[in-house]
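A.B. asks: Before I ask anything, here is the structure I am working with.
In this note's numbering, the protein residues as written are 625 to 778.
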């Protein structure tokens, strides 16, 4: 369904009003399209792959990332303050002389960073990788844990 806005008298006073509306509409259309594709058309892109789930359990964050087809030795994980960075490479196992009819599984380097809700203890991060799912347990930094404050009465 398309909605059209009919110009009013005030629109004709400012010739750039219609141009601004057209720009907003193009930005909306392009954002819907580009959100579905990696920014790097030849690789896995930046910020798109892998998909992350971030949850909290007790005093730790649990981050799960779907990284099928990537070997553990091809992963580089780092934490700095409250930013988690996962880098890696998915190598293609197809021979060079293959002619594809359809190719949806990308290969190449990837890099994704996310902001965590609080600082974590980078020295105590635990990483497990099983069945294409990377699971990170990131304990909360001491200064980020809630503290109880006692109220004194007179």
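From the three backbone atoms N, C-alpha and C, an ideal C-beta is built for every residue, glycine too. Computed from a predicted model, the values in this text were never measured in an experiment.
1. Along the chain, which unbroken stretches of the beta strand (DSSP E) at least 3 residues long are found entirely within the stretch 680 to 746?
2. Taking residue 761 as part of the beta strand (DSSP E), name the residues at either end of that continuous run.
3. Could you give the distance in angstroms between the alpha-carbon of residue 742 and the alpha-carbon of residue 676?
4. So for residue 676, helix, strand or coil by DSSP?
5. State yes or no: is the C-beta of residue 653 within less than 8 Å of the C-beta of residue 703?
6. Which word fits residue 691, buried or exposed, when buried means at least 16 other C-beta atoms lie within 10 angstroms of its C-beta?
7. Check whether the Cβ atoms of residue 699 and residue 744 sit closer than 8 Å, and answer yes or no.
8. Measuring CA to CA, which of 731, 718, 760 is closest to residue 708?
C.D. replies: So, from the listed chains and residues:
1. Listed in chain order, the complete beta strand (DSSP E) runs (minimum 3 residues) inside the stretch 680 to 746 are 684 to 690, 699 to 704, 707 to 714, 732 to 739.
2. Numbered from 1 along the chain shown, position 137 holds the residue referred to as residue 761. For residue 761, the enclosing beta strand (DSSP E) has its first and last residue at 757 to 763.
3. Position 118 of the chain shown, counting from 1, holds the residue named residue 742. Position 52 of the chain shown, counting from 1, holds the residue named residue 676. For the pair residue 742 and residue 676, the Cα-to-Cα distance works out to about 17 Å.
4. On the chain shown, residue 676 is found 52 positions in, with the first residue counted as 1. Three-state result, residue 676: strand.
5. The count along the chain shown starts at 1 and reaches residue 653 at position 29. The count along the chain shown starts at 1 and reaches residue 703 at position 79. No.
6. What you label residue 691 is simply residue 67 of the chain shown in a count that begins at 1. Buried, since its Cβ has 16 or more Cβ neighbours within 10 Å.
7. By 1-based counting over the chain shown, the position of residue 699 is 75. By 1-based counting over the chain shown, the position of residue 744 is 120. Going by C-beta atoms, residue 699 is not nearer than 8 Å to residue 744.
8. Sequence index remark: in the chain shown, residue 708 carries index 84 (1-based). Taking only the C-alpha atoms, the option nearest residue 708 is 760.
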